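**Student:** First, the structure itself, so that you have it in front of you.
Protein chains: 2
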Amino acid sequence: MASDDLENASRPLTLRDVSEASGVSEMTVSRVLRNRGDVSAATREKVLEAARALGYVPNKIAGALASQRVNLVAVIVPSLQNLVFPEVLAGISEVLDQTHFQPVYGVTNYKPEREEKVLYEMLSWRPSGVIIAGLEHSDASRAMLKSAGIPIVEIMDTDGEPIDSVVGISHRRAGREMAQAIVKQGYRKIGFLGTKMPLDHRARKRFEGFTQALAKEGIEIHDREFYEGGSALLKGREMTETILKRSPDLEFLYYSNDMIAAGGLLYCLDNDIDVPGRVGLAGFNGVELLEGLPVKLATMDACRAEIGREAARIIARRASGEEGGGEKVVLTPTIDLGATLKR
Amino acid sequence: MASDDLENASRPLTLRDVSEASGVSEMTVSRVLRNRGDVSAATREKVLEAARALGYVPNKIAGALASQRVNLVAVIVPSLQNLVFPEVLAGISEVLDQTHFQPVYGVTNYKPEREEKVLYEMLSWRPSGVIIAGLEHSDASRAMLKSAGIPIVEIMDTDGEPIDSVVGISHRRAGREMAQAIVKQGYRKIGFLGTKMPLDHRARKRFEGFTQALAKEGIEIHDREFYEGGSALLKGREMTETILKRSPDLEFLYYSNDMIAAGGLLYCLDNDIDVPGRVGLAGFNGVELLEGLPVKLATMDACRAEIGREAARIIARRASGEEGGGEKVVLTPTIDLGATLKR
DNA sequence: CTGAAAGCGCTAACAC
DNA sequence: GTGTTAGCGCTTTCAG
Numbered sequence: 000m001a002s003d004d005l006e007n008a009s010r011p012l013t014l015r016d017v018s019e020a021s022g023v024s025e026m027t028v029s030r031v032l033r034n035r036g037d038v039s040a041a042t043r044e045k046v047l048e049a050a051r052a053l054g055y056v057p058n059k060i061a062g063a064l065a066s067q068r069v070n071l072v073a074v075i076v077p078s079l080q081n082l083v084f085p086e087v088l089a090g091i092s093e094v095l096d097q098t099h100f101q102p103v104y105g106v107t108n109y110k111p112e113r114e115e116k117v118l119y120e121m122l123s124w125r126p127s128g129v130i131i132a133g134l135e136h137s138d139a140s141r142a143m144l145k146s147a148g149i150p151i152v153e154i155m156d157t158d159g160e161p162i163d164s165v166v167g168i169s170h171r172r173a174g175r176e177m178a179q180a181i182v183k184q185g186y187r188k189i190g191f192l193g194t195k196m197p198l199d200h201r202a203r204k205r206f207e208g209f210t211q212a213l214a215k216e217g218i219e220i221h222d223r224e225f226y227e228g229g230s231a232l233l234k235g236r237e238m239t240e241t242i243l244k245r246s247p248d249l250e251f252l253y254y255s256n257d258m259i260a261a262g263g264l265l266y267c268l269d270n271d272i273d274v275p276g277r278v279g280l281a282g283f284n285g286v287e288l289l290e291g292l293p294v295k296l297a298t299m300d301a302c303r304a305e306i307g308r309e310a311a312r313i314i315a316r317r318a319s320g321e322e323g324g325g326e327k328v329v330l331t332p333t334i335d336l337g338a339t340l341k342r
Numbered sequence: 000m001a002s003d004d005l006e007n008a009s010r011p012l013t014l015r016d017v018s019e020a021s022g023v024s025e026m027t028v029s030r031v032l033r034n035r036g037d038v039s040a041a042t043r044e045k046v047l048e049a050a051r052a053l054g055y056v057p058n059k060i061a062g063a064l065a066s067q068r069v070n071l072v073a074v075i076v077p078s079l080q081n082l083v084f085p086e087v088l089a090g091i092s093e094v095l096d097q098t099h100f101q102p103v104y105g106v107t108n109y110k111p112e113r114e115e116k117v118l119y120e121m122l123s124w125r126p127s128g129v130i131i132a133g134l135e136h137s138d139a140s141r142a143m144l145k146s147a148g149i150p151i152v153e154i155m156d157t158d159g160e161p162i163d164s165v166v167g168i169s170h171r172r173a174g175r176e177m178a179q180a181i182v183k184q185g186y187r188k189i190g191f192l193g194t195k196m197p198l199d200h201r202a203r204k205r206f207e208g209f210t211q212a213l214a215k216e217g218i219e220i221h222d223r224e225f226y227e228g229g230s231a232l233l234k235g236r237e238m239t240e241t242i243l244k245r246s247p248d249l250e251f252l253y254y255s256n257d258m259i260a261a262g263g264l265l266y267c268l269d270n271d272i273d274v275p276g277r278v279g280l281a282g283f284n285g286v287e288l289l290e291g292l293p294v295k296l297a298t299m300d301a302c303r304a305e306i307g308r309e310a311a312r313i314i315a316r317r318a319s320g321e322e323g324g325g326e327k328v329v330l331t332p333t334i335d336l337g338a339t340l341k342r
């Protein structure tokens, strides 16, 4: 008893401990614990009993080294503080939970050099696959991904050259479609509010698609405003005030995400600015938060959970040995005009 | 060249490959790659050059097995969709990034049986420490944590019996203090709105502390309303409408989190209910979101980032071999009366 | 400063 | 159904 406790504290238990406690060979213990091969019900019970009694937790490090198999899927996202990514992760777990694969999350804070480091660390554990946000990576990161010899799925964005598979939406197209919807409603003097974009390629692409579609209609962005860091809701408020004071003739404001758009909406409501009469508003993402706002904000669903699920499905298939590679899944975001984008 | 590429694709590179490419023994290559021991500048260069050229990524599985050392810290939280936890995780990385430790995140979805599974999976990779949210765990989970032989830090909550170390705030006390502040402002008919609590022990403890402090003043909760799932902002709206219609004489509403409180606030503003004159409001957490609201909501800071940092510091110290164990860090949340809790 | 030998805890492959 | 043997890719230890 006492000696058991001491041993417990000093040294992690091994298969051998279970083997000795149960009087069954290590190999058979291993088989029981992994449900592999045929083991008689009697010995099976003996082993399970011993393992439970000792509180044995298998050492996956040794197991992985011996079997050359790791059930980990590396999932790399820029941030967890932007609700979008937790939603994608939820989609991923939803699917992987049905398999023997396990997601492991890494966060890059939107920094390529951090992405490189996180990727390196994760790859050094030899995961069965990688799901990584975005198509833009440093050369070193791309090289690592290419030579890893495991399925890679880049997610969120489909505008660019994938390394292997890709699941997402076209942000250029999302920007274009929003521009078309806005113009169709008769708005002409249009402003853009968003993050400083070197960081955020998807926001940049939406902006590019947006301006491009406007150009086709002979319209130029009337004014723009960018922010960095801080509370998005508050920034949305402040930027809206700034831009409307600077360009009082603006008829429409397109925000690069829903949170700042919500801030803008609250600003307008507070200041009795008629929405969408005096000024129309639209955001991007379709975050759940919007449902509680006083006025339904126009937005575009980014298919976050579905992106996660689909990426996980691809990984699960390929990592289980199915042939494949280079799949491209382009989801179509649906536009929601809400009550802030119609005249 | 061609054969390099083929090999690359078929089999992950090993130390031996680098050794052969550089003409240096495996052992010395290993030393160079880990910056251990003295190696001459010349051979060091040769090795690094070869490793880079090949694109060698070390196999941590083998390394961990051989060295019996793993630089992973398991971090287990109930959810990533509740902004609170990403903020804690950010605090954790902030500190661990300065060390050689790496956080690995697991999510339980508030389910004890999932916690058990996640914990088991993570422990089987033999991490150097565990940071886990809450003090309530299944017997099996507690047993695993106790016998893991590594530092354990339970976070967020200090009301209960920790397994090893604990960093957090007292939610009972948080509830008590909010009750006292409310009563002090002269409010008497007080309602509570929150999550269905079997899931959320911390919300329950706040509620207990809250009612207990009110009882001391001879006050009983006037009405209450609970929700489950869905958009918190919207739920806040709906519950506020429900409770105010049912109990029109309510003078104050205490919400178990800021998101539903914000929904309540927006509901009141929309319906020209004077806040805090007609009815006062308070939430819990001090989420960044609040800064963008039209009226500053009363809340209490839960010290999220600091909890993460402190937990990480404890793990880093202990996992680096320093003696210790059983530390208890109780942070003190500061109450912010905002503009919704004063008459 | 560098190398050779042994072994981390487990599982694949094969014998019995 | 069960046991034995070898070895996964690295690091520890010890010898030079």
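So the protein sequences, as listed, match chains G and B. Taking numbering that gives the first Met the number 0, the leading residue of the first sequence gets 0, the next gets one more, and so forth. Taking numbering that gives the first Met the number 0, the leading residue of the second sequence gets 0, the next gets one more, and so forth. Backbone N, C-alpha and C define an ideal beta-carbon position, used for all residues, glycine too. These numbers come from a predicted model, not from an experiment.
1) When you compare the CB positions of residue 112 of chain G and residue 131 of chain G, do they come within less than 8 Å of one another, or not?
2) Whose CA, out of B:109, B:192 and B:316, lies closest to the CA of residue 77 of chain B?
3) In or out: residue 26 of chain G buried (at least 16 other Cβ within 10 Å) or exposed?
4) Would the stretch 247–264 of chain B and the stretch 179–199 of chain B be scored as touching if the rule is three or more Cβ pairs under 8 Å?
5) Are residue 167 of chain G and residue 330 of chain G touching if we call contact CB-CB under 8 Å?
6) Buried or exposed for residue 204 of chain G, going by 16 or more other Cβ atoms inside 10 Å?
7) Within a Cβ cutoff of 7 Å, which residues of the same chain sit near residue 240 of chain B, ignoring the five residues on either side of it in sequence?
8) Taking residue 223 of chain B as the reference, give the member of B:231, B:309 and B:238 with the closest Cα.
9) Examine the Cβ distances between the stretch 316–324 of chain G and the stretch 253–269 of chain G and report whether three or more of them are shorter than 8 Å.
10) With 8 Å set as the bound, which would you pick, yes or no: does the beta-carbon of residue 155 of chain B sit closer than that to a beta-carbon of chain G?
11) In the DSSP assignment, find the unbroken alpha helix (DSSP H) run with residue 344 of chain G in it and report its ends.
12) At the level of alpha carbons, what is the spacing between residue 7 of chain B and residue 56 of chain B?
13) Determine the burial state of residue 35 of chain B: buried for a count of at least 16 other Cβ atoms within 10 Å of its Cβ, exposed for fewer.
14) Would you mind stating whether residue 340 of chain G and residue 181 of chain G have Cβ atoms separated by less than 8 Å?
15) For residue 249 of chain B, go through chain G and note every residue whose CB falls closer than 9 Å to its CB, in chain order.
16) I believe residue 103 of chain B touches residue 83 of chain B by the beta-carbon criterion, under 8 Å. Please report the beta-carbon distance rounded to the nearest angstrom.
17) Under 8 Å, Cβ to Cβ, is there at least one residue of chain G near residue 115 of chain B?
18) What is the DSSP secondary structure of residue 271 of chain B, reduced to helix, strand or coil?
19) Enumerate in chain order the residues of its own chain whose CB-to-CB distance from residue 46 of chain G is below 6 Å, with the five nearest sequence positions on each side excluded.
20) Listing by chain order, which chain B residues have their CB less than 7 Å from the CB of residue 233 of chain G?
21) Between which two residues does the alpha helix (DSSP H) carrying residue 85 of chain G extend?
22) Residue 54 of chain B: which of G:66, G:69, G:144 and G:42 sits nearest, CA to CA?
23) In the DSSP assignment, the beta strand (DSSP E) including residue 27 of chain G goes from what residue to what residue?
24) To the nearest angstrom, how far is the alpha carbon of residue 92 of chain B from that of residue 121 of chain B?
25) Is the Cβ-Cβ distance between residue 261 of chain G and residue 235 of chain G less than 8 Å?
26) How about residue 196 of chain G and residue 299 of chain G: are their beta carbons less than 8 Å apart?
27) Do you know how far the Cα of residue 58 of chain B is from the Cα of residue 405 of chain B?
28) To be precise: take each residue of the stretch 32–60 of chain B, compare its Cβ to all Cβ atoms of chain G, and keep it if any distance is under 7 Å. Which residues remain?
29) Based on the DSSP output, what are the partners of residue 101 of chain G in its beta bridges?
30) Going by DSSP, what residue range makes up the alpha helix (DSSP H) through residue 146 of chain G?
31) Check whether the Cβ atoms of residue 100 of chain B and residue 173 of chain B lie closer than 8 Å to each other.
32) Give the DSSP bridge partners of residue 155 of chain G, in chain order.
33) State the start and end residues of the unbroken alpha helix (DSSP H) segment that holds residue 46 of chain G.
34) What residues in its chain sit with their C-beta under 8 Å from that of residue 294 of chain B, if we drop five residues either side in the sequence?
35) Starting from residue 322 of chain G, follow the alpha helix (DSSP H) in both directions and report where the run begins and ends.
36) Between residue 140 of chain B and residue 115 of chain B, how many whole angstroms is the CB-CB distance? I'm expecting something under 8 Å.
**Tutor:** Based on what the coordinates show:
1) Residue 131 of chain G is positioned such that its CB atom lies no closer than 8 Å to that of residue 112 of chain G.
2) For the residues B:109, B:192 and B:316, the minimum Cα distance to residue 77 of chain B belongs to B:109.
3) Residue 26 of chain G counts as exposed, since fewer than 16 other beta carbons sit within 10 angstroms of its beta carbon.
4) Contact between the stretch 247–264 of chain B and the stretch 179–199 of chain B is present, because at least three Cβ pairs lie under 8 Å.
5) Yes. Within cutoff.
6) Counting Cβ neighbours within 10 Å, residue 204 of chain G comes out buried, since at least 16 surround it.
7) Apart from sequence neighbours up to five positions away, the residues of its chain that approach residue 240 of chain B with a beta-carbon distance below 7 Å are 266, ordered along the chain.
8) It is B:238.
9) No: fewer than three Cβ pairs fall under 8 Å.
10) Chain G contact via Cβ: absent.
11) Because chain G is modelled from 0 through 342, residue 344 of chain G falls outside the range shown and cannot be assessed.
12) Note on residue 7 of chain B: pLDDT 42, under 50, position unreliable in the model; the coordinate value appears next. Between residue 7 of chain B and residue 56 of chain B, the alpha-carbon positions lie close to 12 Å from each other.
13) Residue 35 of chain B is exposed by the Cβ-count criterion.
14) At a Cβ-Cβ threshold of 8 Å, residue 340 of chain G and residue 181 of chain G count as neighbours.
15) Neighbours of residue 249 of chain B on chain G: none; closest Cβ ~20 Å, over 9 Å.
16) 19 Å between Cβ atoms; not a contact.
17) Cβ-Cβ to chain G under 8 Å: no for residue 115 of chain B.
18) Per DSSP, reduced to three states, the secondary structure at residue 271 of chain B is coil, with no helix or strand assignment.
19) For residue 46 of chain G, where only same-chain residues beyond five positions count, the Cβ hits under 6 Å are 21, 23, 28 and 31.
20) Under the 7 Å cutoff, chain B gives 290 and 291.
21) Per DSSP, residue 85 of chain G belongs to the alpha helix (DSSP H) from 83–95.
22) The shortest Cα separation from residue 54 of chain B among G:66, G:69, G:144 and G:42 belongs to G:144.
23) Where residue 27 of chain G is concerned, there is no enclosing beta strand (DSSP E), although the alpha helix (DSSP H) it sits in stretches over 25–33.
24) One C-alpha to the other measures close to 18 Å.
25) Yes, they are a contact pair.
26) In this structure, residue 196 of chain G sits away from residue 299 of chain G, with a CB-CB distance that is not shorter than 8 Å.
27) As displayed, chain B neither begins before 0 nor continues past 342, which places residue 405 of chain B out of reach and without an answer.
28) When CB distances to chain G are screened at a threshold of 7 Å, the residues of the stretch 32–60 of chain B falling below it are 54, 56, 57, 58, 59 and 60, in chain order.
29) G:71, per the DSSP bridge assignment.
30) Counting along the chain, the unbroken alpha helix (DSSP H) around residue 146 of chain G starts and ends at 138–146.
31) The beta carbons of residue 100 of chain B and residue 173 of chain B sit no closer together than 8 Å.
32) Residue 155 of chain G is bridged to G:167.
33) Boundaries of the alpha helix (DSSP H) harbouring residue 46 of chain G: 40–53, taken from the DSSP string.
34) Cβ neighbours of residue 294 of chain B beyond the five flanking positions: 264, 268, 274, 337, 338 and 339.
35) First-last for residue 322 of chain G: undefined, no H or E at that position.
36) With 8 Å as the limit, residue 140 of chain B and residue 115 of chain B qualify as a contact, their Cβ atoms being about 5 Å apart.
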